[in-house]
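Only one structure is covered here, and it is reproduced in the block below.
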């Protein structure tokens with residue numbers, strides 16, 4: 001080997017060694033030690049929409065992976081309603097108690113804390129891949145399918161980077177990685193790894209395509225971890241208004257907007273939202289933070305093209321943003337603090353609050369109804385759930401109330417068609433929420449109770465003596481306690 005070739009070869013070896021020291025790939029054993037089995041012990045009811053039923057003990061399973069500080073990242077749905085959480089790796093029989101430190105229902109993420117100092121000696125932590133994995137590239141999916149004690153490794157490949165509905169909340173569309181892989185119950189919360197780095201978190205499978213699963217992408221995970229940096233989880237900001245494209249020149253002319261100006265027209269503004277105190281309907285938004293908008297609502301001056309909705313949601317709550325807009329021929333600039341859509345947050349929870357009287361059970365609408373055993377629910381109920389904001393239904397109630405259950409009784413049997421109907425009024429008054437509904441019922445307990453429902457022509461009319469008799473029968477036959485006044 002000549003001197004020049006020998007020198008070049010030594011230089012190559014030194015360069016390779018230096019690169020390896022900068023970002024070495026973790027050993028396989030180290031990666032495996034970072035993934036844990038999660039057992040969630042708690043109580044549930046036979047049916048979430050029948051919370052008066054006797055509660056049963058259950059154990060749920062999932063996966064998670066270790067981060068610094070003896071913390072574990074997993075899915076929110078893996079640890080929901082947990083009374084006791086135990087975690088363990090496949091390298092030890094010891095189980096460690098863990099607590100939910102932070103939980104985000106709007107992104108299906110949760111951070112657990114383990115206090116036993118021995119935990120860090122038995123496990124390793126993983127780091128995240130910068131950027132997005134290449135389409136078609138392979139990933140390893142680590143987890144504990146069906147709650148098995150042994151770690152399982154499944155191979156998959158990245159199909160697409162897209163925006164999809166997060167099933168757990170049923171309301172949020174966020175970034176996901178679509179992959180082809182054979183995912184089983186228990187894999188939820190487990191990491192997808194590429195070259196020793198986490199590229200996403202397993203959280204749901206496709207109900208339409210076999211062998212298709214979805215990962216929560218790293219940008220969503222980073223948003224969650226950055227959010228909790230101040231000691232509490234706030235959530236994602238929301239643009240808070242609907243809009244249409246700014247292409248029509250005739251509309252611009254009518255609104256006194258320069259014909260060559262690009263931007264979007266505001267259609268409807270949600271109450272108590274980011275721009276509710278600044279923008280009005282028919283305003284023409286031209287830029288945010290000095291970045292011009294296209295007529296389709298795309299930010300054209302950013303490093304990468306993205307729609308204004310995504311640009312807003314990628315920021316943290318209470319971040320300041322400047323919006324530029326035209327109104328009646330004049331141009332304005334205003335600074336706002338980014339907010340979330342509080343009305344939609346009401347529907348993300350899974351409250352078991354209810355009111356039982358006269359053989360009828362009333363509950364506030366929550367996502368529980370859309371994961372119940374009854375399958376496809378009444379279309380009007382779905383409408384009010386989905387369009388509470390869009391169709392200004394918040395003008396009438398803070399939270400819609402639904403007749404969720406009717407006990408079998410001679411007096412109630414003729415009202416079975418009213419199940420899952422939304423309460424329109426009680427004794428001529430529109431209740432703002434379940435507490436006000438109870439209060440109105442209590443005020444009129446000595447007289448007739450008249451219940452009107454949306455989509456039903458005839459009301460339910462109850463006599464005071466019938467209410468008392470039905471309460472006694474339901475309590476005796478079913479052991480369901482009514483609320484006494």
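Numbering (the UniProt record's numbering), first residue to last: 1 to 485.
In this text, a Cβ means the ideal position worked out from N, Cα and C, and glycines have one as well.
Please read these numbers as outputs of a predicted model, since none were measured by experiment.
Exercise for the section: Kindly indicate the opening and closing residues of the alpha helix (DSSP H) around residue 267. Expected result: Careful: residue 267 lies outside any alpha helix (DSSP H), inside the beta strand (DSSP E) at 264–269.
Practice task
Quick one: residues in its chain with C-beta nearer than 8 Å to the C-beta of residue 71, no 5 flanking neighbours on either side, listed in chain order?
Solution key: 101, 111, 112, 113, 114
Handout entry: Continuous alpha helix (DSSP H) stretch holding residue 249: start and end
Key = 249–254
Problem - Per-residue DSSP class, three states only, for residue 486 - result: Any answer about residue 486 is impossible in this case: the structure gives the chain only from 1 up to 485.
Exercise for the section: Under 8 Å by Cβ, that's how I've got residue 191 and residue 142 pegged, so tell me the actual separation to the nearest angstrom. Expected result: 6 Å
Practice task
For the beta strand (DSSP E) holding residue 138, just list the boundary residues, first then last.
Solution key: 138–143
Handout entry: Length-filtered (3 minimum) beta strand (DSSP E) runs lying within the stretch 91–130
Key = 96–104, 109–114
Problem - DSSP three-state assignment for residue 475, whether helix, strand or coil - result: helix
Handout entry: residue 454 - containing beta strand (DSSP E), residue span
Key = Where residue 454 is concerned, there is no enclosing beta strand (DSSP E), given that its DSSP letter is neither H nor E.
Exercise for the section: Given a cut-off of 9 Å, decide if residue 246 and residue 264 are closer than it, judged by their beta-carbon atoms. Expected result: yes
Exercise for the section: Note down the Cα distance separating residue 218 from residue 435, rounded to an integer number of angstroms. Expected result: 41 Å
Practice task
Please determine, among 137, 419, 79, the residue with the shortest C-alpha to C-alpha distance to residue 203.
Solution key: 79
Handout entry: Residues near residue 200 by beta carbon distance below 7 Å, same chain, minus five either side
Key = 177, 192, 215, 216, 217, 218
Practice task
Given a cut-off of 9 Å, decide if residue 136 and residue 213 are closer than it, judged by their beta-carbon atoms.
Solution key: no
Practice task
Please list, in chain order, all residues of the same chain as residue 146 whose beta carbon is under 8 Å from its beta carbon, the five residues on each side excluded.
Solution key: 61, 184, 185, 186
Practice task
Provide the residue(s) that pair with residue 334 in DSSP beta bridges, ordered along the chain.
Solution key: 323
Exercise for the section: Determine the contact status of residue 407 and residue 427, defining contact as a CB-CB distance below 9 Å. Expected result: no
Handout entry: Beta-carbon proximity of residue 237 to residue 317, cut-off 9 Å
Key = yes
Problem - Cβ-Cβ separation, residue 104 to residue 224 (assumed contact under 8 Å), whole Å - result: 5 Å
Practice task
Check each candidate in 446, 483, 67, 286 and name the one with the smallest Cα separation from residue 30.
Solution key: 67
Practice task
Can you grab the Cα-Cα spacing for the pair residue 477 / residue 409, in whole Å?
Solution key: 10 Å
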